[in-house]
Amino acid sequence: VKCRKCGGRAVLELRRHNTAFCGDDFLDFFRHHVLETVRRWKMLSREERVLIAVSGGKDSLALWDVLHGAGYPTTGLYIDLGIGEYSQASRARCEAFAAERESRLLVVRVADEIGAGIPRVRDTTRRPTCSACGLSKRYIMNRAALDHGFTVVATGHNLDDEAATLFGSTLRWDESSLARQTPVLEATHPKLVRRVKPLFRMSERETAAYAFLRAIDYVVEECPFARGATSLTHKEVLNRLEDVSPGSKASFFLGYLERARHLFQAGERVDLRECTRCGQATTGEVCAFCKLADQVRRVSAGATVAPVTPAPAPDEHTDADPPAQRGLISDLHAASEIHSA
Amino acid sequence: VGLRPPEAVIGCYDRAMKVILRNQSREVELAGRRRVKELLAELGVLPETVLVIRGRELLTVDEVVREDDVVELRPVISGGGRP
């Protein structure tokens, strides 16, 4: 297979684009697409300092690499989940990445914010682990951005993540999740920071290839708590479709953004206020993060695990995390809260 | 993701290609040369779910791998809740 641009030996074929590239031309292709996405969706301005949420995985580090290389003023945010060796390895990758580029990395420990790392949170709540973890990360991300004066946070969500989330929401016909899924989450409240997803048009395989070709040292190992997550099954189903019909994932998600999302947005209206405990934006009196922290404290003090209370309508910053192993209809919204409660 | 057990093709050969299935912590040995697309099909791996790595290079599905090669199939799928 030959590179479409230079005719040299190709290292990656992109079936959905019916093309193939050598290493250097693929890197150019990738950077061009990401930066074009940033420009077309007005995600970032050149003057704006951007906080990039990094996990030590391929997507977020690839994103940081592209934005840093393009001259955006970037700072990394690593959220230490307290998941043993996995978190230690992830943090080390982020620190090394930042040091190599002489970039700043903020580190926030979940344990300092909620009273326990994710393994103990997992044992004290009936929420699916990925849901409690996602809620904590989104909360910490927003608060860290506010505390440090950032007006925008960028995350490494890729096309496969977005397509899998959309697939899950569609299977449940979860109208509010469908209305909220977008690559640019605007700041609809003074306590909310804009969130953008510059990799949403790049497939997971493309970001992995970019990270490999750029010799980015990322954590290949999967989070031990992600095993069995429904989102992985959705990704597998979509990849089977992609195999027989290249371009399926892109047409599913990008077609949704272009032609269907506005239909769900029409009925969506969320009133936000400040959490009476922490001051972050929420739809209720006390935000979901504070409630989760309460639960962790209660269980640590010896109380029994209380059932999860279904949350009111999540705010529109919600990301509609794929619900992992969820059984109860009453809990449908619980996984998709962000700062809400 | 996208893998089924490759027991049928595990072997013990004098000269074999070693295939490392990353994240499954498994290695299989195969005799004979074949294209990457044939290798993936034998192991039940969807091309969209892995990078195929030999040394420091990425391989397309039309590349040929042979005895004495060490090939890593590195999954590209990450999951669970994203921030």
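Top to bottom, those sequences are chains A and B.
In terms of our numbering, the first sequence opens at residue 1 and continues consecutively.
In terms of our numbering, the second sequence opens at residue 1001 and continues consecutively.
Built from N, CA and C at the ideal position, the CB exists for glycine as well.
Fair warning: this is a prediction, and the values are worked out from it, not measured in the lab.
Under the three-state reduction of DSSP output, A:G76 falls in the strand class.
In terms of Cβ geometry, A:R201 and A:H33 form a close pair [threshold 9 angstroms]. Per DSSP, A:I83 is not a residue of any alpha helix (DSSP H), being assigned neither H nor E. Taking 9 angstroms as the cut-off, the Cβ atoms of A:A229 and A:C130 count as close. Less than 9 angstroms separates the beta-carbon of B:V1019 from that of B:L1039. Secondary structure note for B:I1077: it is in no beta strand (DSSP E), with a DSSP letter that is neither H nor E.
Around the beta carbon of A:W173, a 10 Å sphere encloses fewer than 16 other beta carbons of the protein chains shown; the residue is thus reported as exposed. Counting C-beta atoms within 10 angstroms of its own C-beta, A:P190 has fewer than 16 neighbours from the protein chains shown and is therefore classed as exposed.
Any Cβ of chain A closer than 9 angstroms to the Cβ of B:V1061 would place that residue at the interface, and such an atom is present.
The C-beta distance from B:A1016 to B:E1029 rounds to 4 angstroms, short enough to meet the 8 angstroms contact threshold.
The beta-carbon distance between A:G115 and A:G82, rounded to whole angstroms, is 11 angstroms. This is too long to meet the 8 angstroms contact definition.
Per DSSP, the continuous beta strand (DSSP E) segment holding B:K1018 begins and ends at 1017-1021. At a cut-off of 9 angstroms, the C-beta of B:E1048 has a neighbouring C-beta in chain A. According to the DSSP secondary-structure assignment, B:E1057 is paired through a beta bridge with B:R1054. Between the C-alpha atoms of A:P73 and A:R49 there is a straight-line separation of about 5 angstroms. Going by C-alpha positions, A:A293 is about 23 angstroms away from A:V54.
The contact set of B:R1074 on chain A, defined by CB atoms closer than 9 angstroms, consists of A208, F212, V220 in chain order. Those residues of the stretch 224-252 of chain A placed with their C-beta closer than 8 angstroms to a C-beta in chain B are F225, A226, A229, S231, L232, K235, E236, N239, R240, E242, D243, ordered along the chain.
In this structure, A:V153 sits near A:L51, with a CB-CB distance shorter than 9 angstroms.
Interface annotation for the stretch 108-128 of chain A against chain B: empty, criterion Cβ-Cβ distance under 7 angstroms. Listed along chain B, the residues sitting closer than 7 angstroms to A:V11 by beta-carbon distance are E1057, L1058, T1060.
Shown here for A:A164: same chain residues with a beta carbon closer than 7 angstroms to its own, the five before and five after excluded, namely S231, H234, K235, L238, P322 in chain order. Listed by position along chain B, the residues whose Cβ is nearer than 9 angstroms to that of A:V1 are T1060, V1061, D1062, E1063. Put simply, the stretch 257-264 of chain A does not touch the stretch 272-281 of chain A. Fewer than three CB pairs are less than 8 angstroms apart. Here A:V244 is exposed: its Cβ has fewer than 16 other Cβ atoms, across all protein chains shown, within 10 Å. Taking the CA atoms as reference points, A:F97 sits about 8 angstroms from A:D217.
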